[in-house]
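So, in structure tokens, the structure goes:
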């Protein structure tokens, strides 16, 4: 007897989405630096077996109705990830009010072992850098991926107004771009020289400079950089292949976005591709809540670590570390338990490599995952409470640095 074919439904939504990256009206800044935007583009893909998905849609609808009751909003209104007010994320779960805490507890309770999901993250400046360097031949003395990671990390951290203006000027020459990057490398190295905790960074700067000096560079800047929608869709394909799910067996349902739909139909062989309004599709709203939760959490971390290299005060305080403040660790038992719950959602899938997709530079998303996993190092809340908030701050910073090193070695 022939084996019955399995079919799947994948719900897909995006957060912190910019169709193009440009220089904003305030020269020397990107449009992604505006208050409500962020450095990263997020997508969530939620995959169910076709014959099971109605059960999970029903459970989600019950959750959604309960969330509206908790918030006291009209039952006919749409509940989305952005319905939760932004200040709730200021210090992670620590700043969740009681209603937000209850809603996200209920949401993550929905996720069981039948859920297949992927969170995809792409750093927007890395996308710009990839475009500018796309026709360059990197020196054979270098590991190209390691070089691109180091360059993206450096430029994300130390970008200044001059760099942005050069990268977003279509008249910039190869020399303009090269000299701007080299000057920034020199400036940063001169300022961090002699700071012990920056010694590794100094070595990385020297390596970037050496590689750039020995590469065949054909650098091309633009006034705007169109987003690459294939990156996230490729990530979905990698996950399906890892799970041994045939692409032809997957019905892809996307929140209304013509460009994603066009790329999915043209370059990928899904069983079907459909673009819908999120108000008409509960499954897309599941993906919306998940992608917005991760995106807004990472944005809060991003804001915490933010430095302005054009600000003299930044250079004056380089010896001071930029790490999460103690309020992130000022938790109630219920808040601690939510961290553990979310961490286990990811930890249970740690052996599914493509549960998470990033570019070469994972940036503050890596801090987010490390923060979740940090709470798994404690057996219970009593053990967690045996340390002060300042001790947690220090221990987490070390834990985060160790995980970043492990990820880089992968």
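Numbering (full-length UniProt numbering), first residue to last: 1 to 410.
C-beta: ideal position from N, C-alpha, C; glycine also.
Touching or not, the region 356-374 and the region 335-345, by the rule of three or more beta carbon pairs under 8 Å? Touching, yes.
With the cut-off set at 9 Å, would you say residue 50 and residue 251 are in Cβ contact? In contact: residue 50 and residue 251 (Cβ atoms closer than 9 Å).
State yes or no: is the C-beta of residue 92 within less than 9 Å of the C-beta of residue 289? With a cutoff of 9 Å on beta-carbon distance, residue 92 and residue 289 are scored as not near each other.
Can you tell me whether residue 123 is buried or exposed, with buried defined as 16 or more other CB within 10 angstroms of its CB? Label assigned to residue 123: buried.
Close beta carbons around residue 295, own chain, < 6 Å, minus the five adjacent residues each side: Within the same chain, 15, 16 and 42 come within 6 Å of residue 295 by CB-CB distance, once the 5 residues on both sides are set aside.
Can you give me the start and stop residues for the alpha helix (DSSP H) that residue 204 sits inside? 199-213 is the extent of the alpha helix (DSSP H) around residue 204.
Kindly indicate the opening and closing residues of the alpha helix (DSSP H) around residue 180. Per DSSP, residue 180 belongs to the alpha helix (DSSP H) from 174-192.
Cβ-Cβ separation, residue 18 to residue 44 (assumed contact under 8 Å), whole Å: In fact, because the Cβ distance is near 17 Å, the residues do not count as touching under 8 Å.
Shortest alpha-carbon distance to residue 373 belongs to which of 336, 382, 286 and 385? Checking every option, the nearest Cα to that of residue 373 belongs to 336.
Can you give the Cα-Cα distance for residue 97 and residue 254, rounded to whole angstroms? The alpha-carbon atoms of residue 97 and residue 254 are separated by roughly 31 Å.
Member of 40, 75, 222 and 72 whose CA lies at the smallest distance from the CA of residue 152: Ranking 40, 75, 222 and 72 by Cα distance to residue 152 puts 40 first.
Measure how close the beta-carbons of residue 176 and residue 188 come, nearest whole angstrom, since I'm counting them as under 8 Å. By a beta-carbon distance limit of 8 Å, residue 176 does not contact residue 188. Their separation comes to about 19 Å.
Three-state secondary structure assigned by DSSP to residue 71: Three-state DSSP puts residue 71 in a helix.
Could you check whether residue 223 and residue 169 sit closer than 9 Å to each other, using their CB atoms as the reference points? Their beta carbons are under 9 Å apart, which means residue 169 touches residue 223 by this criterion.
According to DSSP, is residue 280 part of a helix, a strand, or is it coil? In the structure shown, residue 280 sits in a helix (DSSP, three-state: H, G or I).
Determine the closest residue to residue 161 out of 398, 33 and 338, with distance taken between C-alpha atoms. Distance from the Cα of residue 161 is smallest, within the candidate group 398, 33 and 338, for 33.
Give a yes or no on contact between the region 98-114 and the region 56-67, applying the rule of three or more CB pairs nearer than 8 Å. With a cut-off of 8 Å, the region 56-67 and the region 98-114 count as touching, because enough Cβ pairs lie within range.
Segment limits, beta strand (DSSP E) that includes residue 264: Careful: residue 264 lies outside any beta strand (DSSP E), inside the alpha helix (DSSP H) at 258-267.
Neighbour-count burial assignment, residue 305, 16 or more Cβ in a 10 Å radius: Classification for residue 305: exposed.
Three or more beta-carbon pairs under 8 Å between the region 213-232 and the region 191-205, yes or no? Counting Cβ pairs under 8 Å, fewer than three are found: no touch.
Name the two residues that bound the continuous alpha helix (DSSP H) containing residue 235. Here the alpha helix (DSSP H) through residue 235 covers 230-242.
Is the region 69-79 close to the region 309-320, with three or more CB pairs under 8 Å? The region 69-79 is not in contact with the region 309-320.
Bridge partners - residue 407, DSSP secondary structure assignment: Answer by DSSP bridge pairing: none, since residue 407 is not bridged.
Status (buried if at least 16 other CB within 10 Å, exposed otherwise) for residue 30: Buried is the call here.
Taking the alpha-carbon positions, what's the residue 362 to residue 121 distance? When rounded, the distance between both Cα atoms is 7 Å.
Tell me which residue opens and which closes the beta strand (DSSP E) that residue 225 is part of. 224-226 is the span of the beta strand (DSSP E), which, as asked, contains residue 225.
Compare the Cα-Cα distances from residue 28 to each of 405, 397, 403 and 308 and report the closest residue. The shortest C-alpha separation from residue 28 is found at 308.
For the beta strand (DSSP E) that residue 145 lies in, which residues bound it at each end? That residue, residue 145, is in no beta strand (DSSP E); its alpha helix (DSSP H) goes 144-158.
Beta-carbon separation of residue 273 and residue 264 under 9 Å? Residue 273 is a Cβ neighbour of residue 264, given a cutoff of 9 Å.
Tell me whether the region 231-244 and the region 346-355 touch, counting them as touching only if at least three CB pairs, one residue from each stretch, are closer than 8 Å. The answer is yes - the region 346-355 touches the region 231-244, with three or more Cβ pairs under 8 Å.
Would you tell me roughly how many angstroms separate the C-alpha atoms of residue 78 and residue 118, rounded to the nearest one? C-alpha separation (whole angstroms): 24 Å.
Got a sec, what are the start and stop residues for the beta strand (DSSP E) residue 119 sits in? Element bounds for residue 119: 116-123.
Do you know whose CA, among 259, 350, 249 and 172, lies nearest residue 6's CA? Restricting attention to 259, 350, 249 and 172, the CA atom closest to the CA of residue 6 is found in 249.
Residue 9 - containing alpha helix (DSSP H), residue span: Residue 9: not part of any alpha helix (DSSP H); member of the beta strand (DSSP E) spanning 8-15, first to last residue.
In DSSP terms, what residue 363 is bridged to: The partner list for residue 363 (beta bridge, DSSP) is empty, contrary to what the question assumes.
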